[in-house]
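One structure is given here, and the rest of the page talks about it.
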Amino acid sequence: MKTLAFIVNLIGLFSVIIASLLKGNKMAKTLILLWIGNFLVSMGYLLSGTGVAGAASGILACIQITVNYVFELKHRSLPKWLVAVYMISFAAVNIVLEGIAFSTALAILACFGFVLSILQKNGKNYRRCGIANTFIWSIYDIVTHSYNALITHSVLFVINIIGVFIHDLKKKIK
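So for the sequence shown, the working numbering puts the first residue at 154; every next one is plus one.
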């Protein structure tokens, strides 16, 4: 199962890498790729038998991405109350699954970073939130010994930084 978990995480990684490097102001493609990536990383957590809260957070993220996608297609902003529901649901799921622990706090913080990232309207702001999100998930993966997911999250951390240099800082220099 560990090998299958690694393969699933790797495919999820490629999906999110592409999402992190997309350019432009349209988030619909980014959201589709994020949905695929989150689903696969969640399955990787389950297949490896580690990071139950990480798996549940990924599935919850897929639900939230689907809702955001509908709002994106309708060119409407998310209501503030829905953002609050997103954050509360992440906190509740993590506390119920892992109780009060350091890993729970990390998962909740990472989830909040994720919520901020999918609320963005362009790739530049998405990447900046993604840096915080993947950094915190990497720490969670170390604490929970979820090393397959650590590979995914640490690579995404670097990819987001590269994306900032390629797409965002390049514009400032010109």
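Idealized CB from N, CA, C, for every residue including glycine. Computed from a predicted model, the values in this text were never measured in an experiment.
The straight-line gap separating the alpha-carbon atoms of Ser-242 and Cys-264 is approximately 10 Å. Within the region 201-233, the complete alpha helix (DSSP H) runs of at least 4 residues fall at 205-226. Val-308 and Ile-289 have their C-alpha atoms some 13 Å from each other. Between Ala-214 and Gly-266, the alpha-carbon positions lie close to 11 Å from each other. Sequence-distant partners of Ile-295 (beyond 5 residues in either direction) whose C-beta falls short of 8 Å from its own C-beta, in its chain, are Leu-303. Linking Ile-319 to Asn-275 through their CA atoms gives a straight-line distance of about 15 Å. In this structure, Ile-218 keeps its C-beta atom at 9 Å or more from the C-beta atom of Leu-166. Contact check for Asn-247 against Ala-260 passes: the beta carbons are separated by less than 9 Å.
A distance of 9 Å or more separates the beta carbons of Gly-202 and Asn-162.
Going by DSSP, Ser-256 is part of the alpha helix (DSSP H) stretching over 255-271. Non-local C-beta neighbours of Asn-313 in its own chain, meaning closer than 7 Å and more than five positions away in sequence, comprise Ser-173, Arg-280, Gly-283, Ile-284, Thr-287, ordered along the chain.
The beta carbons of Leu-186 and Val-169 sit about 7 Å from each other, so the pair counts as a contact at 8 Å.
DSSP places Gly-316 in the uninterrupted alpha helix (DSSP H) bounded by 300-316. Between the alpha carbons of Gly-252 and Lys-227 lies a distance of about 38 Å.
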